[in-house]
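Going line by line, the protein sequences match chains A and B.
Numbering-wise (numbering that gives the first Met the number 0), the first sequence opens with residue 0 and increments by one.
Numbering-wise (numbering that gives the first Met the number 0), the second sequence opens with residue 0 and increments by one.
Some notes on the structure that comes next.
There are 2 protein chains.
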Amino acid sequence: MCASGSSTVTEDSSWTGVRDRLRARGLRWTPQRRTLIEVLSHADGHVTGAELVERCRELDATTTPSTVYRTLDVLEELGLLRHSHGADGREEFHVQPEAAHGHLHCIGCGTTWEIGADEAAALVGSLERRRGFAVDLSHLSIAGRCATCSAALGDQD
Amino acid sequence: MCASGSSTVTEDSSWTGVRDRLRARGLRWTPQRRTLIEVLSHADGHVTGAELVERCRELDATTTPSTVYRTLDVLEELGLLRHSHGADGREEFHVQPEAAHGHLHCIGCGTTWEIGADEAAALVGSLERRRGFAVDLSHLSIAGRCATCSAALGDQD
DNA sequence: ACGGATATCGCAACGGGTTGCGTTAACGAC
DNA sequence: GTCGTTAACGCAACCCGTTGCGATATCCGT
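As structure tokens, then:
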């Protein structure tokens, strides 16, 4: 729904150029990679590694986990995606990192929200100033309790 | 420094009372749990689950991972420890949570630093104000690049 | 179109952690 | 001390992700 750009979108989101970007680096364009790119080009937002493997298997039943994970690593090096770890420690991939953003995860209800650069500014700025530490926002995952769950705790517990 | 209380500390850090706290809840005091408590009472700071299993095995070669992890869950419920996930998503346990603190992990050199409530105040306060979200500081792990590694990148890359 | 260099594949095994289930044993009651 | 209840144990299997290695196939030069 509403890919940010041209009107007739044929799923061009840098994915079309991947083949050449790989080759330019001496890397190869294989059927397995094509499959994963296909999957990724239809994924928006966040996906776990296992989900990606699953979806690849739908397109090509012979898909192997190791190949998928290895290709994900390559694509991350190319900057086409980023990964972080959810509240449970599992991998979560961010496709098409148009804007770096972190995540907020409520341990009460399990809901996840995105937080943008503006909201994280306080944290990022503070660490940058005090330590010279450059926060990788896209890898940031913060756990806690959302307003609703906090209130619920206050009420009944 | 300054274990909150008596002067001569014989590793009494709530560990001594665990047995009774368990029983008070209808839970049981078993040799396996005793072993884990023994290990925990000598661990300070951060340990991974695997490390704890390892150390338990040193005391009791028959130790089983599942038992250790299950007991860790119980102890966490009792508030005797907390766990978070490192940059690689692996579990990390914080023993004797005297003061909640988060972690900073440099993806360049791999070093980890603790950040206290004061340093996280900016973040915590901002999210609290804007969303009513109560951050679980002890579960917070921030990835990025430390001053040194950032500088190195600027120089040569 | 062919052939060589080597990136990638697929397999199998591993590592950390979790889960289901039948068996054992801790604990409270008598 | 004995007994019954049931928490906890240990095993085996699983899940997600990673790694080593021999086999395959992509790509480049000719």
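Cβ atoms here follow ideal geometry from the backbone N, Cα and C, with glycine treated the same way.
- For S83 of chain A, the enclosing beta strand (DSSP E) covers residues 80-84.
- Here DSSP, grouped into helix, strand and coil, assigns L103 of chain B to strand.
- By the 16-neighbour rule on beta-carbons within 10 angstroms, G115 of chain B is exposed.
- With the rule of 3 Cβ pairs closer than 8 Å, the segment 91-106 of chain B does not count as touching the segment 83-91 of chain A.
- Interface with chain A (9 Å Cβ-Cβ cutoff): R27 of chain B is excluded.
- The beta carbons of D135 of chain A and I106 of chain B sit about 7 Å from each other, so the pair counts as a contact at 8 Å.
- Taking 8 Å as the upper bound on Cβ-Cβ separation, chain A lies near no residue of the segment 65-82 of chain B.
- Looking from the CA of E75 of chain A, the closest CA among A:E91, A:T62, A:R129, A:Q31 belongs to A:E91.
- Contact check for L35 of chain B and T61 of chain B: beta-carbon distance about 13 Å, past the 8 Å limit, so the pair fails to qualify.
- One alpha carbon belongs to E118 of chain A, the other to A119 of chain B, and they sit about 14 Å apart.
- For R32 of chain B, the closest alpha carbon among the candidates B:H45, B:T63, B:A23, B:E50 is that of B:T63.
- Taking a contact to require three or more Cβ pairs closer than 8 Å, the segment 45-59 of chain A and the segment 13-23 of chain A do not qualify as touching.
- In this chain, the beta strand (DSSP E) harbouring T47 of chain A covers 45-47.
- Separation of S140 of chain B and A150 of chain B (C-alpha to C-alpha, rounded to the nearest whole angstrom) is 22 Å.
- Judged by DSSP in its simplified three-state form, A42 of chain A adopts coil rather than helix or strand.
- Using a Cβ-Cβ cut-off of 7 Å, A133 of chain A is close to G143, R144, S149 of chain B, given in chain order.
- Its Cα nearest to that of S137 of chain A, the residue A:G44 stands out among A:V67, A:G44, A:L26, A:S40.
- Following the DSSP letters along the chain, one finds T70 of chain B inside the alpha helix (DSSP H) bounded by residues 64-76.
- For L126 of chain B, the nearest beta carbon of chain A is closer than 9 Å to its own beta carbon.
- Taking a C-beta distance under 9 Å as the contact criterion, R20 of chain B and L77 of chain B qualify as a contact pair.
- Interface flag for L139 of chain B against chain A is set, since a Cβ pair is found closer than 9 Å.
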